[in-house]
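Participant: One structure is given below, represented as structure tokens, and several questions about it will come after.
Protein chains: 2
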Amino acid sequence: MSTLLTTLAPTTVSLPTFEQIRDAAARIAPYAQVTPVLRSAALDALSGSELHFKCENLQRGGAFKFRGACNAVWALSDAQAAHGVVTHSSGNHGNALALAAATRGIAAHVVVPDGAVRAKVEAIERAGAILHRCAPTQAAREAMSAEVQRATGAVLVHPYADTQVMAGQGTLALELLQQVARLDALITPVGGGGLASGVAIAAHGIDPALTLFGAEPQGADDAAQSLARGARVTTVVPDTLCDGLRALIGEPNLDALRAHQVDVITVSDAETIAAMQLLWSELKLVVEVSSATVLAAVLQQRERFAGRRVGVVLTGGNVDLQALPW
Amino acid sequence: MSTLLTTLAPTTVSLPTFEQIRDAAARIAPYAQVTPVLRSAALDALSGSELHFKCENLQRGGAFKFRGACNAVWALSDAQAAHGVVTHSSGNHGNALALAAATRGIAAHVVVPDGAVRAKVEAIERAGAILHRCAPTQAAREAMSAEVQRATGAVLVHPYADTQVMAGQGTLALELLQQVARLDALITPVGGGGLASGVAIAAHGIDPALTLFGAEPQGADDAAQSLARGARVTTVVPDTLCDGLRALIGEPNLDALRAHQVDVITVSDAETIAAMQLLWSELKLVVEVSSATVLAAVLQQRERFAGRRVGVVLTGGNVDLQALPW
């Protein structure tokens, strides 16, 4: 995922309805994992709250992204699908789209800028995608993506400013609220906002009293700034280790955060790395650094979560074990 | 756990019956976690078999040891329990016994030799145990343990050569075979053999046709040697990174392995470390090095497991994140 992708988003993208999210859940059920919810007595004690961790690192492809990509792929008509899908993410969304396309037996084109992390590119290739390499500039990515669309008729699946992608990510909240009765609050990381917006619509569709939180790196706090100013801030230059959260919040995604009063808490990378180690050592889960922002936020604002039952979304587990951030 | 502990084992220890294992399951149910069984398409593809990972790293205390310790603690009469329990393991069993004693509100005495890993000793202390420090020799440990028994009347709970401990570990197999129907084979790591023996009795009590395997480090292959010679080999000096598997196989434990035709596969530490990285990266689980021996064995003997449904027991997840073995 890259901040550059935002420019490719259609100018008007509808937010999914609760009904569309329920449809998405049925659509992806044959392909997606029902991920477990885990707890830790040690982390409950440390936070003073009751934490229910939704383990999307155990999702197919190692991240929640499969939900949205799978829904987008299967929401296409047969005629549309015949031409395949395209995106230009060299991260979890590119991999998820390749895996999702494979479930429908259609082509996935992934535009990969030179210099992308080799391990991630290899994973996308293993998942069966057709790679299109380009120079690492916004112009080159857009040009290559447009060229692929022209040449193949493939449908662009944007990583977060896409109705069906948001609906797919929202299925995670439907699942969590079935698994754990009566949550008081729910917190997700915020990058482009596909997850946070889908989850907000789904969660409030079930329980309008649920308090919603987002966690954002201080070095990529455009969502927090945008909510504070009441207008989308696009001038933030991301500076954070959380590679999954560097995207600027999308326009429809920001609308959803505003409408559902999602409170975005910003955390430093140091707080996130400390939380990541706690998740590994206490929960025994491999989660990527972006996923740890949520626990960092809960621990930073302990008094706001104290005594509450909190759903905590762990978004992914795709980590380079040779380059851990501690 | 230490090889030195074997000498403290009572000379005649009965193997648990299937009935005793079922009793153990009922006894520990209020305290132990029902741990999930996870799968990985990537690891299935790599092994050519269908792997069902039983995640005891998600057990209370981060290891299966809680099952045996908890059963031993709750199998005591009130009169016995009143005096507490004692062991001298500075590893997962010491921690598990402390946690188990806390569930019954009785004292746990843990004899800790000087030089034990600080993080593990701190965990035992956090779990509420009374620590008794001694010199790092067999004589000092036995003397200190005997002294604690004399002074307090505490009951010794041996880490593996103990009927109720074996019964408790066996509950893991009852649970796994309820969670996954129709396994062809089951594999556990082999150290002192408390787990392997309890699991063998439990598994064959349910399905006598199940093929049972053990995985043992080449540098601590006393169980494999003992089975090959038909007599317990006690001359092996452990030389392996798998700190949880350095104990010599217990006498009753070896009897059980023999009676249930457990086939012990030996693996090099290099194979184990490679398997550990696969478990972290593909299964997204933090498992300790000893736990990875089982996947190493399956990958080493690919043709023997090919096309079969295999239960793979991941024993623990207590790892020093600052000192990973790669």
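Quick mapping for you: the protein sequence lines, in order, are chains B and V.
If you're matching positions, the first sequence starts at 77 in this note's numbering and goes up one per residue.
If you're matching positions, the second sequence starts at 77 in this note's numbering and goes up one per residue.
Yeah, the Cβ is synthetic: ideal placement off N, Cα and C, and Gly gets one too.
Could you list which residues in chain V have their beta carbon closer than 7 Å to that of residue 112 of chain B, in chain order?
Facilitator: In chain order: 112.
Participant: Going by alpha carbons, who is nearest to residue 341 of chain B out of B/358, B/325, B/264?
Facilitator: When each option's Cα is compared against that of residue 341 of chain B, the closest is B/264.
Participant: Along the stretch 335-357 of chain B, where does the CB come closer than 7 Å to a CB of chain V? Name the residues.
Facilitator: Hits within the stretch, in order: 353, 356, 357.
Participant: For residue 386 of chain B and residue 286 of chain B, I'd like the C-alpha separation in whole angstroms.
Facilitator: The alpha-carbon atoms of residue 386 of chain B and residue 286 of chain B are separated by roughly 10 Å.
Participant: Tell me the DSSP secondary structure of residue 41 of chain B in three-state form.
Facilitator: In this structure chain B extends from 77 to 402, so residue 41 of chain B is not present and cannot be described.
Participant: Report yes if the C-beta distance between residue 171 of chain B and residue 104 of chain B is below 8 Å; otherwise report no.
Facilitator: No, the pair does not count as a contact, with Cβ atoms beyond the cut-off.
Participant: Where residue 250 of chain V and residue 279 of chain V are concerned, what is the direct C-alpha to C-alpha distance, given to the nearest angstrom?
Facilitator: Each residue's alpha carbon lies about 7 Å from the other.
Participant: Just to confirm the assignment, what range does the beta strand (DSSP E) spanning residue 189 of chain B have?
Facilitator: Its beta strand (DSSP E) spans residues 184-189.
Participant: According to DSSP, is residue 169 of chain B helix, strand or coil?
Facilitator: Helix, per DSSP.
Participant: With respect to the alpha helix (DSSP H) encompassing residue 300 of chain B, which residues constitute its N-terminal and C-terminal limits?
Facilitator: Per DSSP, residue 300 of chain B belongs to the alpha helix (DSSP H) from 298-305.
Participant: Using CA coordinates, which residue listed in B/258, B/112, B/140 is at the minimum distance from residue 391 of chain B?
Facilitator: When each option's Cα is compared against that of residue 391 of chain B, the closest is B/140.
Participant: Whose C-beta lies closer than 8 Å to the C-beta of residue 259 of chain V among residues of the same chain, with five residues either side of it excluded?
Facilitator: Excluding residues within five positions, the ones whose Cβ falls inside 8 Å are 128, 252, 253, 283, 286, 385, 386, 387.
Participant: Is it right to say residue 382 of chain V is buried, meaning 16 or more other beta carbons lie within 10 angstroms of its own, or is it exposed?
Facilitator: Exposed is the call here.
Participant: Residues of the stretch 127-146 of chain B in Cβ contact with chain V at a cutoff of 9 Å, in chain order, please.
Facilitator: So the close ones are 131, 133, 134, 136, 138.
Participant: With DSSP collapsed to three states, give me the class of residue 387 of chain V.
Facilitator: Residue 387 of chain V: strand per DSSP, three-state reduction.
Participant: Beta-carbon of residue 393 of chain B versus every beta-carbon of chain V: anything under 8 Å?
Facilitator: Yes, contact with chain V.
Participant: Residue 308 of chain V lies in the beta strand (DSSP E); which residues open and close that run?
Facilitator: From DSSP, residue 308 of chain V is part of no beta strand (DSSP E); its letter is neither H nor E.
Participant: Assuming residue 369 of chain V contacts residue 291 of chain V (C-beta within less than 8 Å), just tell me the rounded distance between them.
Facilitator: Sure, about 4 Å apart at Cβ, within 8 Å.
Participant: Beta-carbon within less than 6 Å of residue 317 of chain V's beta-carbon, same chain only, minus the 5 sequence neighbours each way: which residues are those?
Facilitator: The answer, listed in chain order, is 345, 365, 401.
Participant: Answer yes if the stretch 197-213 of chain V comes into contact with the stretch 172-183 of chain V, meaning at least three C-beta pairs across the two stretches below 8 Å, and no otherwise.
Facilitator: Contact between the stretch 172-183 of chain V and the stretch 197-213 of chain V is present, because at least three Cβ pairs lie under 8 Å.
Participant: Looking only at its own chain, which residues have a Cβ that is under 7 Å from the Cβ of residue 351 of chain B, when we skip the five neighbours before and after it?
Facilitator: So the qualifying residues of the chain are 368, 371, 372, 375.
Participant: Quick one: any contact between the stretch 150-164 of chain V and the stretch 261-277 of chain V, if contact means 3 or more CB pairs under 8 Å?
Facilitator: No, they do not touch.
Participant: Under 8 Å, with one C-beta from each stretch per pair, do the stretch 194-202 of chain B and the stretch 227-235 of chain B reach the 3-pair mark?
Facilitator: No: fewer than three Cβ pairs fall under 8 Å.
Participant: Alpha carbon to alpha carbon, what distance is there between residue 108 of chain V and residue 89 of chain B?
Facilitator: Cα to Cα, residue 89 of chain B sits roughly 48 Å from residue 108 of chain V.
Participant: Taking C-beta to C-beta, are residue 277 of chain B and residue 92 of chain B nearer than 8 Å?
Facilitator: Yes, Cβ-Cβ distance for residue 277 of chain B and residue 92 of chain B is below 8 Å.
Participant: Taking only beta-carbon atoms, is residue 286 of chain V less than 8 Å away from chain B?
Facilitator: No, residue 286 of chain V does not count as interfacial toward chain B.
Participant: Residue 328 of chain V by DSSP, collapsed to three states: which one?
Facilitator: Residue 328 of chain V: helix per DSSP, three-state reduction.
Participant: Quick check on residue 140 of chain V: does DSSP put it in helix, strand or coil?
Facilitator: The answer is coil: DSSP assigns residue 140 of chain V none of H, G, I, E or B.
Participant: In the DSSP assignment, the beta strand (DSSP E) including residue 162 of chain V goes from what residue to what residue?
Facilitator: Unbroken beta strand (DSSP E) run through residue 162 of chain V: 161-163.
Participant: Determine whether the beta carbon atoms of residue 94 of chain V and residue 281 of chain V lie at a separation below 8 Å.
Facilitator: Yes. Within cutoff.
Participant: Mapping the DSSP letters down to three states, classify residue 371 of chain V as helix, strand or coil.
Facilitator: Residue state, collapsed to three classes: helix.
Participant: I'd like to confirm the pairing. Which residues does DSSP put opposite residue 128 of chain V in its beta bridges?
Facilitator: BP columns for residue 128 of chain V point to V/387.
Participant: Looking at chain V, which residues of the stretch 358-372 of chain B have a Cβ within less than 7 Å of any of its Cβ atoms?
Facilitator: Hits within the stretch, in order: 360, 361, 362.
Participant: Determine whether the Cβ of residue 397 of chain B lies closer than 8 Å to any Cβ atom of chain V.
Facilitator: Yes, because at least one Cβ of chain V sits closer than 8 Å to the Cβ of residue 397 of chain B.
Participant: Residue 357 of chain V: which of V/117, V/324, V/396 sits nearest, CA to CA?
Facilitator: When each option's Cα is compared against that of residue 357 of chain V, the closest is V/117.
Participant: Out of V/248, V/155, V/310, V/226, point me to the one whose CA is closest to residue 98 of chain V's CA.
Facilitator: For residue 98 of chain V, the nearest C-alpha among the options comes from V/248.
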